[in-house]
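Peer 1:
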Amino acid sequence: MAVAGEQMVTLLLAGPSGAGKSETGNTLSGRNDFVAADSASSVTQRCQAAGFFLAGDGFTRKPGQLVDTPGFGDSDADPKQQLALFEQFKDLLPGGVSGMLFVVPFGRFGAPIQRSMDLFFDLLGDEAAKDVAILVVTHCGDNPQEKEAVVRASTALARYLPFFRGGLACIDNKVCAATAQNELFQRIQKLLQCTQGRKWECRHLREAQEYRASMQQRIARLPIDLQPPANTQLAALHRGDATREQVFRAVTYQEAMQRHRLEEERCRQEREAEAQHQAELARAAERHRRELVRQQQEAEKRRQQELEQQRRLQQEQQRLQQARELERQKEQQRLEQARELERQREKSRREAASLERRRARLEEERRETEARRREASRQRRRNESIATGVSAGAGIGSTLGLIGGPVGAIAGSAIGGFFGGLLGS
28 MAVAGEQMVT LLLAGPSGAG KSETGNTLSG RNDFVAADSA SSVTQRCQAA
78 GFFLAGDGFT RKPGQLVDTP GFGDSDADPK QQLALFEQFK DLLPGGVSGM
128 LFVVPFGRFG APIQRSMDLF FDLLGDEAAK DVAILVVTHC GDNPQEKEAV
178 VRASTALARY LPFFRGGLAC IDNKVCAATA QNELFQRIQK LLQCTQGRKW
228 ECRHLREAQE YRASMQQRIA RLPIDLQPPA NTQLAALHRG DATREQVFRA
278 VTYQEAMQRH RLEEERCRQE REAEAQHQAE LARAAERHRR ELVRQQQEAE
328 KRRQQELEQQ RRLQQEQQRL QQARELERQK EQQRLEQARE LERQREKSRR
378 EAASLERRRA RLEEERRETE ARRREASRQR RRNESIATGV SAGAGIGSTL
428 GLIGGPVGAI AGSAIGGFFG GLLGS
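Counting from 1, position 275 in the sequence shown corresponds to residue 302 in the working numbering; the numbering is continuous, with no gaps.
#1: Starting from K89, trace the alpha helix (DSSP H) both ways and give me its first and last residue.
#2: Would you report the Cα separation of Q348 and R317, rounded to the nearest angstrom?
#3: If you drop the 5 nearest sequence neighbours on each side, which residues of the same chain put their C-beta closer than 7 angstroms to that of F147?
#4: From R330 to E363, what does the alpha carbon distance come to, in whole angstroms?
#5: Which residue wins for smallest C-alpha separation from P132, given the options N258, L253, A46?
#6: Decide yes or no for the touch test of the region 216-232 against the region 245-252: beta carbon pairs closer than 8 angstroms, at least 3 of them.
#7: If distances are taken between C-alpha atoms only, which option among M284, K48, T259, G52 comes closest to G98?
#8: Please classify P43 as buried or exposed, where buried requires at least 16 neighbouring CB atoms within 10 angstroms.
#9: Helix, strand or coil for P159, going by three-state DSSP, please let me know.
#10: Can you tell me where the beta strand (DSSP E) holding Q75 begins and where it ends?
#11: Looking at L198: is its Cβ nearer than 8 angstroms to the Cβ of T165?
#12: Out of D95, T37, V36, which has the shortest C-alpha to C-alpha gap to N59?
#13: Is it true that the CB of Q260 sits closer than 8 angstroms to the CB of A283?
#14: On a CA-only basis, which of K117, R370, G168, P255 is nearest R200? Give me that one, please.
#15: Compute the distance between the beta-carbons of G123 and T37, then report whether it is under 8 angstroms.
#16: Ends of the beta strand (DSSP E) at A63?
#17: Applying the criterion that 16 or more other CB atoms from any shown protein chain within 10 Å of the CB defines a buried residue, is F79 buried or exposed?
#18: Taking the continuous alpha helix (DSSP H) assigned at P139, which residues delimit it?
#19: Between the C-alpha atoms of E369 and R338, what's the straight-line distance to the nearest angstrom?
#20: May I ask you to list the residues that DSSP assigns as paired with F129?
#21: Taking the alpha-carbon positions, what's the A76 to R271 distance?
#22: Mind checking which residues open and close the beta strand (DSSP E) that includes A196?
#23: Hey, quick one: how far does the alpha helix (DSSP H) through P171 stretch, first residue to last?
#24: For S102, which of helix, strand or coil comes out of DSSP?
#25: Report buried or exposed for D118, applying the criterion of at least 16 other Cβ atoms within 10 angstroms of its Cβ.
#26: Going by the beta-carbon positions, is the gap between L218 and I161 smaller than 8 angstroms?
#27: Would T426 be called buried (16 or more neighbouring beta carbons within 10 Å of its own) or exposed?
#28: Given a threshold of 16 other Cβ atoms within 10 Å of its Cβ, counted over all protein chains shown, does L319 qualify as buried or as exposed?
#29: Would you tell me roughly how many angstroms separate the C-alpha atoms of Q341 and E325, rounded to the nearest one?
#30: From F190 to Q213, what does the alpha carbon distance come to, in whole angstroms?
#31: Please classify E292: is it buried, with 16 or more other beta-carbons within 10 angstroms of its beta-carbon, or exposed?
#32: According to DSSP, which residues form a beta bridge with V124?
#33: Quick check on A36: does DSSP put it in helix, strand or coil?
#34: How far does the alpha helix (DSSP H) with E114 in it extend, from its first residue to its last?
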């Protein structure tokens with residue numbers, strides 16, 4: 028929404044046929060500017076405009092303009108023609124809409140009214156329209172407060188009441204038009220305070236039209252047999268029997284079906300291409316097999332020729348080999364004789380070495396025997412010298428013993444033993 032550049036208050040009256048839109052417009056203007064009738068059918072066949080002044084207790088008097096629209100939802104007109112008539116209001120309110128009064132009669136809260144509300148918000152841009160929307164319930168008699176409680180408790184309107192952010196006004200245009208006018212003025216003034224002069228812009232209507240056009244384009248791109256379900260939902264949207272979300276889901280589902288078909292067609296083409304590829308591979312394999320057979324036959328022929336050549340070569344090689352074998356045997360005999368001679372020589376050398384070692388051992392044993400003999404001779408001479416020394420010492424000791432007693436005998440024996448050992452060494 029955009030802020031209006033002037034103080035003009037612009038109001039749009041909308042709702043199903045026979046709801047009392049024209050009477051509500053007359054109540055707001057204080058004049059009979061619009062033709063009204065006690066009928067459930069549509070009396071207004073085109074958008075009509077009338078000026079009025081917005082007043083109210085504690086509020087500044089402001090000039091305004093009212094636009095009454097043809098009813099939709101249960102009119103006899105064709106849905107597309109009906110929407111075209113309703114959308115004429117944008118030519119009367121090019122600067123935007125300060126408030127949208129959706130008028131419904133008390134007690135008529137069934138499916139037709141609900142379809143009208145869905146269509147209303149869909150046409151005017153949903154969220155943008157909710158900011159300036161007021162729900163007006165007419166034919167409330169002389170006790171509007173009681174009727175308001177009934178309206179707020181209605182399960183049929185429970186989903187829609189939050190959409191009207193401008194509030195709820197329960198009035199009766201016939202029982203007390205002044206009370207109804209004051210109630211409407213109060214609601215409109217509060218709405219203007221909340222929006223701070225911002226208006227609903229006609230571009231939202233264009234955006235809604237572009238949305239429907241985009242849906243039509245998406246549907247047109249679908250295959251012919253997939254278009255009817257989506258077209259049915261789009262037609263229901265024009266009648267108010269479906270929401271944008273339902274249309275979007277229907278179109279998206281059909282597009283998914285189209286993609287599924289395209290994917291199946293692509294898979295089928297891929298399978299056919301694969302089958303053709305496999306057939307071509309089989310033909311190529313057959314050609315290759317035949318070529319291999321031909322090559323094998325040629326190779327077999329060449330092999331037979333080579334075998335014949337090899338047989339001849341083998342015969343020649345066998346003859347040469349026999350000759351070489353005879354020569355080798357002769358050479359082997361010569362080598363064997365030479366090796367035998369060498370073995371005899373080696374044996375002789377080993378025997379000579381063995382004799383030399385035996386002679387060396389005998390010589391070593393002779394030297395050892397001679398050394399032991401000399402050692403025994405020395406030991407014998409030593410023992411004899413010791414015995415001689417001992418005998419001499421004994422004689423000396425006996426002599427000293429005669430002179431010095433027992434001590435002299437012992438000393439004499441020791442001296443004799445000492446000298447005997449010296450003599451033996």
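Just so you know, even glycine gets a beta-carbon here, dropped at the ideal spot from N, CA and C.
Peer 2: Walking through what the data contain:
#1: Taking the first residue of the sequence shown as 1, we reach residue 89 at position 62. No alpha helix (DSSP H) contains K89, which is instead part of the beta strand (DSSP E) from 89-95.
#2: Position 321 of the sequence shown, counting from 1, holds the residue named residue 348. Position 290 of the sequence shown, counting from 1, holds the residue named residue 317. If you draw a straight line from the Cα of Q348 to the Cα of R317, it is about 44 angstroms long.
#3: Reading the sequence shown from its first residue, position 120 is the one you call residue 147. Answer for F147: A41, F129, listed in chain order.
#4: Position 303 of the sequence shown holds residue 330. Position 336 of the sequence shown holds residue 363. R330 and E363 have their C-alpha atoms roughly 45 angstroms apart.
#5: For this step, residue 132 is matched to residue 105 along the sequence shown. For the residues N258, L253, A46, the minimum Cα distance to P132 belongs to A46.
#6: No: fewer than three Cβ pairs fall under 8 angstroms.
#7: By 1-based counting over the sequence shown, the position of residue 98 is 71. The residue from M284, K48, T259, G52 with its alpha-carbon nearest to that of G98 is K48.
#8: Within the sequence shown, residue 43 is the residue found at index 16, counting from 1. P43 counts as buried, since at least 16 other C-beta atoms from the protein chains shown sit within 10 angstroms of its C-beta.
#9: Residue mapping note: residue 159 aligns to position 132 of the sequence shown, counting from 1. According to the sequence displayed, residue 159 carries Val and not Pro. The DSSP-derived three-state label of V159 is coil.
#10: Translated into the one-based positions of the sequence shown, residue 75 becomes position 48. Residue range 75-81 is occupied by the beta strand (DSSP E) that includes Q75.
#11: Numbered from 1 along the sequence shown, position 171 holds the residue referred to as residue 198. Numbered from 1 along the sequence shown, position 138 holds the residue referred to as residue 165. It is worth fixing the name first, because residue 198 is Ile in this sequence and not Leu. Result yes, Cβ atoms of I198 and T165 sit closer than 8 angstroms.
#12: Within the sequence shown, the letter at position 32 stands for residue 59. The shortest C-alpha separation from N59 is found at D95.
#13: Here residue 283 refers to the residue found at position 256 when the sequence shown is read from its first residue. Here residue 260 refers to the residue found at position 233 when the sequence shown is read from its first residue. Result no, Cβ atoms of A283 and Q260 do not sit closer than 8 angstroms.
#14: By one-based count along the sequence shown, residue 200 stands at place 173. Before going further, note that residue 200 is Asn rather than Arg in the sequence given. Out of K117, R370, G168, P255, G168 has the C-alpha closest to the C-alpha of N200.
#15: Your numbering for residue 123 matches position 96 in the sequence shown. Your numbering for residue 37 matches position 10 in the sequence shown. The answer is yes: Cβ separation under 8 angstroms.
#16: The residue given as residue 63 occupies position 36 in the sequence shown. For A63, no beta strand (DSSP E) encloses it, and the DSSP letter there is neither H nor E.
#17: Working through the sequence shown from its first residue, we reach residue 79 at position 52. Of the residues assessed, F79 falls on the buried side of the cut-off, its CB having 16 or more other CB atoms within 10 angstroms.
#18: Reading the sequence shown from its first residue, position 112 is the one you call residue 139. If you look at P139, you'll find it in the alpha helix (DSSP H) that goes 138-151.
#19: Here residue 369 corresponds to residue number 342 of the sequence shown, with the count starting at 1. Here residue 338 corresponds to residue number 311 of the sequence shown, with the count starting at 1. Rounded to the nearest whole angstrom, the CA to CA distance from E369 to R338 is 44 angstroms.
#20: As a working mapping, residue 129 is identified with position 102 in the sequence shown. Note: F129 sits in a beta bridge opposite A41, L162.
#21: Residue numbering aside, residue 76 sits at position 49 when the sequence shown is read from its first letter. Residue numbering aside, residue 271 sits at position 244 when the sequence shown is read from its first letter. Distance between the alpha carbons of A76 and R271 is about 30 angstroms.
#22: By one-based count along the sequence shown, residue 196 stands at place 169. Per DSSP, A196 is one residue of the beta strand (DSSP E) stretching across 195-197.
#23: For this step, residue 171 is matched to residue 144 along the sequence shown. It spans 171-180 - the alpha helix (DSSP H) in which P171 sits, taken as one unbroken run.
#24: Residue mapping note: residue 102 aligns to position 75 of the sequence shown, counting from 1. Residue placement at S102 is poorly supported in this model, since its pLDDT is 48, which falls under 50; the coordinates still yield a value, given next. Correct three-state label for S102: coil.
#25: For this step, residue 118 is matched to residue 91 along the sequence shown. Exposed is the call here.
#26: Numbered from its first residue, the sequence shown carries residue 218 at position 191. Numbered from its first residue, the sequence shown carries residue 161 at position 134. With respect to I161, L218 sits close: the two C-beta atoms are nearer than 8 angstroms.
#27: Working through the sequence shown from its first residue, we reach residue 426 at position 399. When all chains shown are included, T426 counts as exposed.
#28: The residue labelled residue 319 in the question sits at position 292 within the sequence shown. That one is exposed.
#29: The residue given as residue 341 occupies position 314 in the sequence shown. The residue given as residue 325 occupies position 298 in the sequence shown. So the two alpha carbons sit approximately 24 angstroms from each other.
#30: Here residue 190 refers to the residue found at position 163 when the sequence shown is read from its first residue. Here residue 213 refers to the residue found at position 186 when the sequence shown is read from its first residue. Spanning the two alpha carbons is a distance of roughly 19 angstroms.
#31: If you number the sequence shown from 1, residue 292 lands on position 265. By the neighbour-count criterion, in which a residue is buried when 16 or more other Cβ atoms sit within 10 angstroms of its Cβ, E292 is exposed.
#32: As a working mapping, residue 124 is identified with position 97 in the sequence shown. For V124, which the question treats as bridged, DSSP gives the partners W227.
#33: As a first step, residue 36 must be located in the sequence shown, where it is residue number 9. Correcting the residue type first, residue 36 is Val in the shown sequence and not Ala. The three-state reading of DSSP puts V36 in strand, counting E and B together.
#34: Counted from its first residue, the sequence shown places residue 114 at position 87. Under the DSSP assignment, E114 falls outside any alpha helix (DSSP H); it carries neither an H nor an E label.
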